[in-house]
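S.K.:
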Amino acid sequence: MESSGSKHQSISHSSRTDESLMEMASGHYGCSHYKRRCKIRAPCCDEIFDCRHCHDELKNSIEVDPLRRHDIPRHEIKRVICSLCNTEQDVQQKCVKCGICMGEYFCSICNFFDDDVSKNQYHCDRCGICRTGGKENFFHCNGCGCCYSNLLKDSHTCIERAMHHNCPVCFEYLFDTTKDITVLFCGHTIHLDCVKEMERHFKYSCPVCSKSYCDMSRVWEKLDQEVASTAMPQIYRDKMVWILCNDCGETSEVNFHIVAHKCLKCSSYNTRQTRGGPASCSSRI
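Using UniProt numbering, you'd call the opening residue of the sequence shown number 1 and step up by one each time.
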């Protein structure tokens, strides 16, 4: 009975190996996040997943009890399972049993595997995680606490822990997101796709500080024309209000207008009214 059972197990294992080889040969292996030849055992819940993102998406889904939702502690991963021979082992780049490389890019600090080396992955010691894009193309800003493109080295506005927060639009944590991030003129960070979505809704100011994040001079010129061509009723023509400019931070006292209020210092229309208004106008004016 033992002999027969052992033979059946060997055939079953061989079949799984052949299927895994065919899958890898066709290029369909890993998960939607990474191409890799291993799975990970989550140290937090002792379950097996294709990658940390697969774990986090499942364990933080709306179906899970909020008290039981959690992210995987990536640096605490100790065990991986080879996708070819199904051997569970300590974290390492090559399988101890079949010798297959489980990921062309391998980081023993992050316990990270990825076969798609076209991403130019590199590990940043100061960030404490792996980044993409090539180490030679990025620098770590100690003030912001994250890696930025070399193009921003002498021009970006430093904000402490600039990426250690959620995207102000979609609320996904930015520091270790896999999506493209952009740094606005004000220094705040946001997903590039979220900025594009804002532009589709004609929103051109930072969701955090309200400063304009692009050149708005042509828009201000059109507003100049709109204000000039829109006559105010007699009751409001001498009405004055105080405004705060979101772009330069200056306060001004200006004529009330129904269209917009222009900053007297920087000529921006990205302003908000702070004092005065139509409701406070005397009916005898």
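Ideal placement from N, C-alpha and C gives every residue a C-beta, glycine not left out. Predicted model only: the values in this text are computed from it and were never measured.
For Phe139, which of Asp115, Ala231, Lys153 and Pro43 has the nearest alpha-carbon?
M.R.: Answer by Cα proximity: Lys153.
S.K.: Would you grab the beta carbon distance between Ser83 and Tyr29 for me? Rounded to a whole angstrom, and I think it's under 8 Å.
M.R.: Sure, about 6 Å apart at Cβ, within 8 Å.
S.K.: Do the region 246-254 and the region 269-278 meet, that is, are 3 or more Cβ pairs less than 8 Å apart?
M.R.: At 8 Å Cβ cutoff, the stretches touch.
S.K.: Quick one: is Asp114 buried, meaning 16 or more other Cβ sit within 10 Å of its Cβ, or exposed?
M.R.: Under this definition Asp114 is a buried residue.
S.K.: Cβ of Thr182 within 8 Å of Cβ of Met163?
M.R.: For Thr182 and Met163, no; Cβs fall outside 8 Å.
S.K.: Rounded to the nearest angstrom, what separates Phe256 and Pro233 at their Cα positions?
M.R.: When rounded, the distance between both Cα atoms is 11 Å.
S.K.: What are the residues that DSSP puts in a beta bridge with Met240?
M.R.: Answer is Asn255, bridged to Met240.
S.K.: Which two residues bound the contiguous beta strand (DSSP E) that contains Val183?
M.R.: Start and end: Ile181 to Val183.
S.K.: Let's see if you can read the secondary structure: which residues bound the alpha helix (DSSP H) around Val219?
M.R.: Looking at the DSSP string, the run of the alpha helix (DSSP H) that includes Val219 is Ser217 to Ser229.
S.K.: I need the straight-line Cα distance from Met216 to Ala228, nearest angstrom please.
M.R.: Cα-Cα distance, rounded: 18 Å.
S.K.: Does Val80 come out as helix, strand or coil in the three-state DSSP assignment?
M.R.: Of the three classes helix, strand and coil, the one that applies to Val80 here is strand, per DSSP.
S.K.: Check each candidate in Ile109, Ser212 and Gln93 and name the one with the smallest Cα separation from Met102.
M.R.: The residue with the shortest Cα to Cα distance from Met102 is Gln93.
S.K.: Going straight from the alpha carbon of Asp50 to that of Cys147, what length do you get?
M.R.: Their Cα atoms are separated by approximately 27 Å.
S.K.: Nearest-angstrom Cα distance between Lys135 and Thr178?
M.R.: For Lys135 and Thr178, the distance between alpha carbons rounds to 16 Å.
S.K.: Quick one: what's Thr271 bridged to in DSSP?
M.R.: DSSP, once it has assigned bridges, lists Cys245 as partnering Thr271.
S.K.: According to DSSP, which residues form a beta bridge with Gln92?
M.R.: Per DSSP, none; premise fails for Gln92.
S.K.: Is Asp56 helix, strand or coil when you go by DSSP?
M.R.: Of the three classes helix, strand and coil, the one that applies to Asp56 here is helix, per DSSP.
S.K.: Return the residue from the list Met240, Val259 and Gly145 that minimises the CA-CA distance to Arg275.
M.R.: It is Met240.
S.K.: Using only CA atoms, which one of Asp180, Lys97 and Gly145 lies nearest to Thr132?
M.R.: Measuring from the Cα of Thr132, the nearest candidate turns out to be Asp180.
S.K.: Could you check which residue in Lys262, Glu104 and Gly143 has the C-alpha nearest to that of Lys119?
M.R.: Nearest option by C-alpha distance: Glu104.
S.K.: Does Val64 pass the burial test, meaning 16 or more other C-beta atoms within 10 Å, or should it be called exposed?
M.R.: Under this definition Val64 is an exposed residue.
S.K.: So, at 6 Å on beta carbons, what are the nonlocal neighbours of Gln121 in its own chain, with the 5 sequence-adjacent residues on each side left out?
M.R.: Tyr105, Cys130 and Thr132, listed in sequence order.
S.K.: Considering only C-alpha positions, which residue in the set Lys59, Cys110 and Leu67 is nearest to Ile77?
M.R.: Comparing Cα positions, the closest option is Cys110.
S.K.: Could you name each continuous beta strand (DSSP E) segment of 3 residues or more that falls completely within the UniProt domain "RING-type" (167-210), going from the start of the chain to the end?
M.R.: You should have 181-183 and 189-191.
S.K.: Look at Pro66 and Pro43 and say whether their C-beta atoms are less than 8 Å apart.
M.R.: Taking 8 Å as the Cβ cut-off, Pro66 and Pro43 do not qualify as a contacting pair.
S.K.: Use the C-beta contact count for Cys206: other C-beta atoms within 10 angstroms, 16 or more gives buried, fewer gives exposed.
M.R.: Cys206 is buried by the Cβ-count criterion.
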